[in-house]
Structures are given as structure tokens and as C-alpha cells.
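For the sequence shown, the working numbering gives the first residue as 374, with consecutive numbering after it.
Where is the CB? At the ideal position from N, CA and C, for every residue including glycine.
To start, the structure under review is shown below, and the notes come after it.
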Amino acid sequence: MQRAKVTEPFGYIIKPFDERDLHTSIEVALRRSLAETAIRVALEKEKELSELKSRFWSIAAHEFRTPMTSILSCAQLLERYDRELPEERRRECLYLIQKSVKAMNQLLDDVLSVGRAESNTLKFTPNLVDIEQFCQEIVEEMQFNSSHRHQILFNCQGDCGRVYLDPSLLWHILSNLLSNAIKYSPQGGEVTLNLTCLEQEIILQVKDCGIGIPVEERQLLFEPFQRASNVGQIPGTGLGLTMVKKCLDLHRGKILVESSLGQGTTFTIELPVDRAVASAPHLL
Ligand code: ATP
Ligand code: MG
């Protein structure tokens, strides 16, 4: 018994034994071994998750430092050399302060949204949405906020009508994809949103003629703070696509990327829709 104990056995059997005892002992030992493996895997996952969370917050905190440093140095410059600074330099400083505060605000919004998605408090609240009108409106809003160098076009195919989707999640998805398409086409040009309505699903495609994404980096970009190596000076934090993926998961949707370096990128999303709900909303 003493020698058996130190080997931490899953069970033991004392001689002489009959076949039934042997079977029972083996059965019990196998079950205990399976249970122990499951606990070990769960603990390992928990550890990984908490490491991921602390990494997320430390990168987020780091991202806040850049705009805060700009604000601090501009404020110090204005305080020390207020009268000696040429008017143009003063304006530049004030502009940089405003730009940094806006960037911090945006970052805070993004970090909070991803945080909500991570902690499962981002909720799926579907409603009947006129999808064609919804897309039209978001395209107009994006065109209004972008420079004249970009033309945002919208095409619709199929009989769309009203579909059962979460408009706020869909807004996150499309605004992130469209703003990426604009931002990563620094030369300007056309950005197209294609909507295709089928019986069981709707397909949304955001197409640009921008810088493209290197093939080996495509799948990583859905993880927080990951950016491709060809972004150069184009600003960003790497949270947009994380949010897109979280919102799509809540819709049980899929996303595909096709891209060619220097030629452009197409993101395709497929969202399953329940036509039965749309035709009989009183059943909700
Ligand atoms: P932000 O958090 O402000 O959205 P971001 O745009 O860098 O910052 P994501 O939207 O998550 O972050 O995109 C991740 C990366 O994917 C980008 O940094 C860029 O490298 C690449 N990417 C995304 N969309 C495109 C696109 N249309 N064309 C080229 N690269 C893209
Ligand atoms: Mg983005």
C-alpha cells in the first residue's frame, strides 16, 4: 500500500481478486483519469485567458500614452514659450491637443466595446431592419465624413425587404469595414459596398483598391491590436476587425478576406437570416 500510494494511482486492487473486481477497478480508474484531464485542460484555458486579458489591458494602456505624451508636450510648450511662439506654431499645438483628445476618445470607445464583447456583455438584440436603406444610410454617412478623393458606391441585388438582424452590431461591422477600406486606400479611389439578398442569407461585400494585406498576416488581424506590416504611417490601433469578428460571431455569420498587395482588398460577410420571422413578426 505504501509503495502504491507514492505513485498517485487512479485505483488499486488487492490480490487475490476476481475478474469482476478487476473490471470495476479499471472502469473507476479510467473515469478518474478522464475527469482529471478535463480539470487540467480547463485550468490551462483559464490561465491562458487571464494572460490574454492582462496583455490586452497593458497594450491598451500603452496605446493611451502616445496621445497623452503629445498633449503634455504641447501644453508645456504653450506654457513656457507662449509669447515667443509664432502664431502658426501655436495653432499647430492647439490642433494637436484636440486631435490627441479625439484619438483617445475613439480608443476608449473601441477598448470598451471589445471589453464588453470579451466579457460577454455585448448583447445580440435583433430587430426587423430594412437592410437596403440601412446600407444606403451608412454609405452616405461615410461619404460625408471622408475626403472628396474617395467615392463610396452602393449596389444592391435581390429582393431584400426587412431582415431580422441587430442594427447596432451591423453598424459596428459595416462602419469598421468601410472606414478601413477608406483609410487603407491613401491614394483615394472607389470603395464599393455590395449587398446581395438570398433566401437564407445576406451577403455584404466591402471592396477597395488600396494597399492590400500580405497573405501570411490575414488571419491574425482579427486578434486585438494586430496590424499588418505594410500600414506605414497610416494610424490605427488594431481593434476594428476584432470588434467586427465579435459582432459576426453573435450573428453566427462568417467573414472572408481576399486581397492582393497594392491592388486592393475585399471583405465578404455572410449573415444567416430568418425569413419566417420577417414575414410573421407578430410571432416574436
Ligand atoms: P482601428 O482600431 O482604428 O480600426 P486598425 O484599422 O489598424 O485600427 P483593424 O480595423 O482591426 O485595425 O484592422 C487591422 C489591420 O488589418 C489594419 O491595421 C491593416 O493592417 C489591415 N487592414 C484592415 N482592413 C484593410 C484594408 N481594407 N486594406 C488593407 N489593410 C487592411
Ligand atoms: Mg480599422
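Residue i to residue j span [Cα, whole Å]
i	j	result
I628	D539	17 Å
Q471	A448	11 Å
E465	R428	34 Å
A415	V401	21 Å
G605	L425	27 Å
V617	L451	40 Å
K556	C582	11 Å
E513	H624	24 Å
S602	E417	31 Å
K580	L542	20 Å
L587	G637	The displayed chain sequence assigns Pro, not Leu, to residue 587. Roughly 11 Å between the two C-alpha positions.
S520	E563	12 Å
G635	G585	5 Å
N553	E590	16 Å
Q506	I432	38 Å
H537	I504	According to the sequence shown, residue 537 is Tyr rather than His. Rounded to whole angstroms, Y537 to I504 spans 9 Å at the Cα level.
L395	I387	10 Å
S492	L422	11 Å
Y385	R413	23 Å
E457	R489	47 Å
R522	E419	48 Å
S558	L403	59 Å
G531	P645	15 Å
P389	A411	33 Å
K475	A434	16 Å
G561	L571	32 Å
E461	W430	37 Å
Q599	R393	58 Å
Status (buried if at least 16 other CB within 10 Å, exposed otherwise) for residue i
i	result
L485	exposed
F640	buried
P440	buried
R535	buried
E643	buried
D647	exposed
T502	Note on identity: in this sequence residue 502 is Val, with Thr being the wrong assignment. With 16 or more Cβ atoms within 10 Å of its Cβ, V502 is classed as buried.
I399	exposed
L551	buried
A377	exposed
P382	exposed
P459	exposed
T442	exposed
G626	buried
D455	exposed
S632	buried
P597	buried
D483	buried
M374	exposed
heavy atom of ligand 3 below 8 Å from residue i C-beta
i	result
K556	With respect to ligand 3, the structure offers nothing, as its ligand set consists of ligand 1 and ligand 2.
Anticipated Cβ contact below 8 Å, residue i with residue j, distance rounded
i	j	result
L566	F527	5 Å
V487	L612	6 Å
L495	K619	6 Å
I546	L621	6 Å
E436	T610	6 Å
C508	L467	Actually they are not in contact, since the Cβ atoms of C508 and L467 sit about 38 Å apart, beyond 8 Å.
N549	L594	Contact flag wrong, Cβ pair sits at about 12 Å.
W544	I575	Not confirmed; about 15 Å, so no contact.
DSSP beta-bridge partners of residue i
i	result
V579	L566 and F640
H624	None, per the DSSP bridge assignment.
D503	R535
L526	T565
L481	In DSSP, L481 forms no bridge with anything.
V512	Answer is none; V512 lacks a bridge partner.
S602	Paired residues: none, contrary to the question.
V630	F640
E574	P645
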